[in-house]
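S.K.: The listed protein sequences correspond, in order, to chains A, B, C and D. Under my numbering, think of the first position of the first sequence as 2, with each following residue one higher. Under my numbering, think of the first position of the second sequence as 2, with each following residue one higher. Under my numbering, think of the first position of the third sequence as 2, with each following residue one higher. Under my numbering, think of the first position of the fourth sequence as 2, with each following residue one higher. I'd like to ask you about the structure that follows.
4 protein chains.
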Amino acid sequence: MSSFSGEILKVATFGESHGPAVGVVVEGAPAGITLERAAIQAELDRRRPGTTPLASARQEADQVEILSGVAEGRTLGSPIALLVRNTDARSKDYSALADKFRPGHADYTFWQKYGLPPQPGGGRSSGRETVGRVAAGAVARAMLEPLGVELAAYTIQVGPVKAEAIDLAFAREHPLRAADPNQAEAMVAEVMAARAAGDSVGGALELVITGAPAGLGDPVFGKLDARLGGAMFSIGAVKGVEIGDGFAVAARRGSANNDQMDAEGFLSNHSGGILGGISNGMPLVLRLAIKPTPSISQTQRTQNLAGEAVEISITGRHDPCLCGRIAPVAEAMAALVLADAWLMQKAQARSET
Amino acid sequence: MSSFSGEILKVATFGESHGPAVGVVVEGAPAGITLERAAIQAELDRRRPGTTPLASARQEADQVEILSGVAEGRTLGSPIALLVRNTDARSKDYSALADKFRPGHADYTFWQKYGLPPQPGGGRSSGRETVGRVAAGAVARAMLEPLGVELAAYTIQVGPVKAEAIDLAFAREHPLRAADPNQAEAMVAEVMAARAAGDSVGGALELVITGAPAGLGDPVFGKLDARLGGAMFSIGAVKGVEIGDGFAVAARRGSANNDQMDAEGFLSNHSGGILGGISNGMPLVLRLAIKPTPSISQTQRTQNLAGEAVEISITGRHDPCLCGRIAPVAEAMAALVLADAWLMQKAQARSET
Amino acid sequence: MSSFSGEILKVATFGESHGPAVGVVVEGAPAGITLERAAIQAELDRRRPGTTPLASARQEADQVEILSGVAEGRTLGSPIALLVRNTDARSKDYSALADKFRPGHADYTFWQKYGLPPQPGGGRSSGRETVGRVAAGAVARAMLEPLGVELAAYTIQVGPVKAEAIDLAFAREHPLRAADPNQAEAMVAEVMAARAAGDSVGGALELVITGAPAGLGDPVFGKLDARLGGAMFSIGAVKGVEIGDGFAVAARRGSANNDQMDAEGFLSNHSGGILGGISNGMPLVLRLAIKPTPSISQTQRTQNLAGEAVEISITGRHDPCLCGRIAPVAEAMAALVLADAWLMQKAQARSET
Amino acid sequence: MSSFSGEILKVATFGESHGPAVGVVVEGAPAGITLERAAIQAELDRRRPGTTPLASARQEADQVEILSGVAEGRTLGSPIALLVRNTDARSKDYSALADKFRPGHADYTFWQKYGLPPQPGGGRSSGRETVGRVAAGAVARAMLEPLGVELAAYTIQVGPVKAEAIDLAFAREHPLRAADPNQAEAMVAEVMAARAAGDSVGGALELVITGAPAGLGDPVFGKLDARLGGAMFSIGAVKGVEIGDGFAVAARRGSANNDQMDAEGFLSNHSGGILGGISNGMPLVLRLAIKPTPSISQTQRTQNLAGEAVEISITGRHDPCLCGRIAPVAEAMAALVLADAWLMQKAQARSET
């Protein structure tokens, strides 16, 4: 389904890449939350492709309209509907592709599932769908802000180049969200080299969330890591998720991996802030593997709708590296998961009555 | 919540580690599926700790009783309730721990969330809870069997020792589910060494699913990878999940990562069988990072309920490496996700009417 | 929540009475369903207030825009977003009311729940919210049409005047949806008399659904009658629901109430087409009690926000009898329930695999 | 589905009439609620058939076992599993029926839906399934008790005999839950006369809930009346539901139907305690139409599995009037709806953070 179905918070996004609009309906946000249109717009602006050669040339103003659920800067408790018109969809860019499955794309699987030929711009499987996620994430952030929760995703790897330090302020302004000022140039060079070769390049993101209270999440199926991990994998191009120390734990002994405590609290954070599926008050730490953009202009082998072997070269407007684009989406998805867990914790908290 | 809430298949497990019983209710399985008690028991037997020093000494017969939903070896379409009595719970093993938070466990977070002191045997956060998952997974397997779906999880890493080859038949019988006959002895040695040191050791599993038809899963939030990834992270001790080539894609270019096609089909499977959130008919491939068992007898630093710094040494019955125990649980969770996606696909399939 | 959450079909409506727009997102409709904008518009046109004195004077064109999920007259399998702009909201009509609870309205309960003063036009509790329901219902009708399902709601009582015969074609065109051509004039006279007295009048609807196959619905909590009944009570002003013979069964013996069969099928339909929560192939029959419009211009006693006793006279634009307005909404809700049950039945149907 | 799926509270019942057991898993109840086994048993005892000729002769001890979720008389926040063994199932009573559809029963629709022949004792469609509901209702009552919520269902009509007064204490002890001491004897006589004639008789219940705070329920689809109404229709044999004045409003004008207020509060309760789908703090009032028990010994016409016209006479153990049996079930369902709405209100309540 297209909906993010939290325990309490429900988010239904809609819109095709080359349809008239994209948007989202958010349900379950309490009444009285401060929510300004400008705050939503700011998140959408962070998500927009820039004007650098690092990004798709598709230019969308992405101006959000609040259709319902907010009055005078406060939520009403009713569904919040947010709309963004598509204005720069160029379906003709895709006309040559209409009967070939683009490698690494959903074209083949949509054909198998729905019997639909490749849709202009990828339809629902386009990254344009994430407009709705980021807009909904802005609502979730508004819910979390009074708790002091802060979320930051940044790029720690592009191709072979890895960050060795993290500068949140730098990353936030950098077109690739590069975390390390000293490696940022090398990351950009990787992207430009791939682009020059008619190719693309993968990378990795780290997501750190501070200020989340202990007690969020549930045991068993509703673990906070299960919800966060599932939410991250719902973002296109994500092929791996680590929580805390991730795959490094495989080589480790328990005595080195357990987070011990003293009277002040935890002495380490190997767990990434989650124990038994429930937040422990330490920073939540995740890492995401981002595959290289599948749309490349190099000639590739594929099938057409008739099942014949054909060649394809994809020449639309595409980001040669997705890390910078996905960073705000990862933050949005994490914000939704946390806002939902916080609502659930309010419901379950022992009451005095 | 404690329920696995698929689109159609709903699974509610219940039971505390040291309570009278554990079990599960499975809803949404169609009527007429062949389901013998013996098939469920066989899965539970695979999950049971063995009698080797590699495993917890807790001995449970884990005999399953079918309480409802099945008659004469076939499902009735009604809820399937499965019950397993606990018989070997030794709460006294835990009495010394009752006011200290075990490092790496849910004790601290349960205290923060519920106001409950550490529960005997870990309560719901114990691995014993997975009896219900494995029993439910057997129901899902019964649904998938006529489709030809096969699921196999096996250990590819224990501490520093990695598998270099995969022998499914060997893994299925090995107490650690070790995949590589040539490395199995070294893996066992790692576990025994950790145990001798009053310690534990981590590892990694791979899960491969063959026979799943193309078209399972949904775009956007309900991606098959999102559902599988979330389900894997719902298993205790899982700290990382990869789908297909996972984190290796970060260093790669698109031309090397895309799975191209010829007239016969896909020429590679970097994607791990999922494109745009929907299965493409290739094997589904996942890898899981398993943290070292947190319960170790070495002395560790922690807090007690009063917030004071104390020391703790945990001497209950615990598996020094969790890989072998988690393998059947991972298969069960994947089976549930796939059976649900298959039901959903039946609902959505274009009808002739 | 604002969403209709079927087993598979999910419907999220949005929009305040005096906000910029109302609309709906429908998820779960299969790909390939024929769905023309005109068909949705036709249902919305049936819902619109007419230009007679029987109806509210608020005039909205209610032109629907399809924002997503449909291309070339067929569903894509993705979320269907439908938007209707509000154009004739006159909030000033309500300014005098802003600190008084209108009797029979949600003003008092919204204040208790959300801490919100009475909203212009009633906000989400306005009948204007039903635009989204009717638009969604048109999608459900498109799903049901190939099955031969037909839905008709008509007015069988207005104040003391009761229908003695049913003429579906007549009802469909009548502004009150009056079922009996011989009683229609008397019904209109009741409404006009109430209106002249600064008052309103109640009534009753009957809803008959033909062509629904046997086997829809589930035992226990998901009974088809539970889903239909709940859906009907979700419509504002509905205070009673009967299925089949309804309250008449209280005075009856089993021998008179059971629907016996011969080789041709059922010999009667006291059950209203549902046995054990599952459709039996006979027409589904429901009746709804509709309360008199609470907005009346007669002076009434109430409280203001300060809890003081005050008087109120409500002079906005209101329908003096709601039966005609609710008829298409009742059809829409029933269509949603049935379309969802049909999808679920497809999922559960015994497969040959 | 077999689950009651509240916004937060989830209830999965299981068990066939003639299977080994019936029971329920309740999720979402907060930790720390006082819940004694005796309180659950007391509700089950109220539900049990008595030893009078007014009731089925099937005798079940219905001793409940708490399998999980409770320790030392308090909820743990984990799933609460409750089990009742079946001991007096006499499937042979049904052997003669196995190929005929009992009129008024689910046999025909189960056959259409599942392809299953009539199940011994009715399988899941038996009233025995309500053991799980009543046990779950006891959990919900435990949640509501600290709020001061009280629920009482009582019989106001049996065949033509109607209650003219209500004595809650009398009703609670009466085998038919007859509300009016002066009419109770006449009600019993109606049942005995029907039974003597190999027949059964219908009736009506009223359900009154006091102490529920204002603010429970949601606008639009999640109205408290929609949830209560749907829950009531999920009880077998319920053919009509009224809220507040129900069908009487059809004949009424708005000026007579609106509940006006003075400074003390509401001056009447025509609405039955719900405005705009949200509780207003007045007593919640519902009425249910109960159909005559379909199992009667009089000869009836029906079909067999081959579609041939046959005769049937049903001689198992059945209650000749269901009102007394359904009263505690109606209370249980209402308790579940209210407990869920209360949890949701806690989640949504404006927080100070």
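Ideal Cβ positions, reconstructed from N, Cα and C, are used throughout, including at glycine. All values reported here derive from a predicted model rather than from experimental measurement.
1. Quick one: what does DSSP say Gln349 (chain B) is sitting in, helix, strand or coil?
2. Under the three-state reduction of DSSP, which class applies to Thr354 (chain B): helix, strand or coil?
3. Please state whether the Cβ-Cβ distance between Leu1 (chain D) and Leu208 (chain D) is less than 8 Å.
4. Going straight from the alpha carbon of Ala257 (chain C) to that of Asp200 (chain D), what length do you get?
5. From C:Ala185, C:Phe171, C:Leu339, pick the residue whose C-alpha is nearest to that of Ala164 (chain C); which is it?
6. What would DSSP say about Gln158 (chain C), mapped onto helix, strand or coil?
7. Could you tell me which of A:Ala39, A:Leu276, A:Gly230, A:Ser69 sits nearest to Arg288 (chain A), measuring between CA atoms?
8. Can you give me the C-alpha to C-alpha distance between Leu344 (chain C) and Leu145 (chain C), rounded to a whole angstrom?
9. Give the secondary structure of Asp226 (chain D) by DSSP, where H, G and I count as helix, E and B as strand, and everything else as coil.
10. Can you grab the Cα-Cα spacing for the pair Gly237 (chain C) / Pro321 (chain C), in whole Å?
11. Please report the straight-line C-alpha distance between Ala187 (chain A) and Val202 (chain A), rounded to a whole angstrom.
12. Would you call the CB atoms of Leu152 (chain C) and Glu309 (chain C) closer than 8 Å?
13. Report the partner residues of Thr14 (chain C) according to the DSSP bridge assignment.
14. Output the boundary residues of the alpha helix (DSSP H) element that contains Phe111 (chain B).
15. Check Asp63 (chain B) in the structure and name its three-state DSSP category.
16. Determine the chain D residues that contact Phe15 (chain B) at a beta-carbon separation under 8 Å, and present them in chain order.
17. Would you please state the rounded distance, in angstroms, between the beta carbons of Ser69 (chain B) and Gly20 (chain D)? I believe it to be under 8 Å.
18. What does Met283 (chain D) reach in chain C if we use C-beta pairs closer than 9 Å?
19. Apart from the five residues on each side of it in sequence, which residues of its chain come closer than 6 Å, Cβ to Cβ, to Val239 (chain C)?
20. With a threshold of 8 Å between beta carbons, is Glu431 (chain A) in contact with chain D?
21. At least one CB of chain A closer than 8 Å to the CB of Thr53 (chain B): is that the case?
22. Within the segment 143 to 189 of chain B, note down every full beta strand (DSSP E) run reaching 3 residues or more, in order along the chain.
23. Are the CB atoms of Ile81 (chain A) and Val27 (chain A) within a distance shorter than 8 Å?
24. Using the Cβ count rule (16 or more neighbours within 10 Å means buried), how would you classify Gly204 (chain A)?
25. Could you name the residues of chain B that Arg125 (chain D) contacts, counting a contact when the two beta carbons are closer than 7 Å?
26. Are the beta-carbon atoms belonging to Thr372 (chain D) and Leu268 (chain C) less than 8 Å from one another?
27. Looking at the unbroken beta strand (DSSP E) that takes in Ser256 (chain C), where does it start and where does it end?
28. Can you tell which of A:Ala249, A:Gly138, A:Gly325 has the C-alpha that lies nearest to the C-alpha of Ile291 (chain B)?
29. Please list the partners that Met345 (chain A) has in chain D, where partner means a Cβ-to-Cβ separation under 8 Å.
30. Tell me whether Ala336 (chain B) sits in a helix, a strand or coil according to DSSP, three-state version.
31. Excluding five sequence neighbours on each side, which residues of the same chain lie with their C-beta closer than 8 Å to the C-beta of Ala56 (chain B)?
32. For Pro295 (chain A) versus Gly255 (chain B), is the C-beta distance shorter than 8 Å?
33. Return helix, strand or coil for Ser280 (chain A), following the three-state DSSP convention.
34. Since I believe Ala180 (chain A) is in contact with Ala336 (chain A) (beta carbons under 8 Å), could you give me their beta-carbon distance rounded to a whole number of angstroms?
35. Quick check on Gly231 (chain D) - is its C-beta less than 8 Å from some C-beta in chain B?
36. How about Pro21 (chain A): is its C-beta nearer than 8 Å to some C-beta of chain D?
M.R.: Quick look at the numbers:
1. helix
2. Its pLDDT being 39, under 50, Thr354 (chain B) is placed unreliably by the model, and the measurement read from it follows with that caveat. Here Thr354 (chain B) sits in coil by DSSP.
3. Residue 1 (chain D) falls outside the range modelled here, since chain D spans only 2 to 354, and no answer is possible.
4. 9 Å
5. C:Ala185
6. strand
7. A:Gly230
8. 10 Å
9. helix
10. 15 Å
11. 13 Å
12. no
13. C:Val25
14. 108 to 115
15. coil
16. Val26, Leu68, Ser69, Gly70, Ser79, Pro80, Ile81, Ala82
17. 5 Å
18. Under the 9 Å cutoff, chain C gives no residues; its nearest Cβ is about 10 Å from Met283 (chain D).
19. Met233, Leu289
20. Residue coverage of chain A in this structure runs from 2 to 354, which leaves residue 431 (chain A) outside it and unanswerable.
21. no
22. 151 to 159
23. yes
24. buried
25. Ser79
26. Limits of chain D in this structure are 2 at one end and 354 at the other, which puts residue 372 (chain D) out of reach.
27. Premise fails: Ser256 (chain C) lies in the alpha helix (DSSP H), 255 to 258, not in any beta strand (DSSP E).
28. A:Ala249
29. Ile9, Ala348
30. helix
31. Pro50, Pro176, Asp320, Gly325, Arg326
32. yes
33. strand
34. Not a contact, Cβ separation roughly 20 Å.
35. no
36. no
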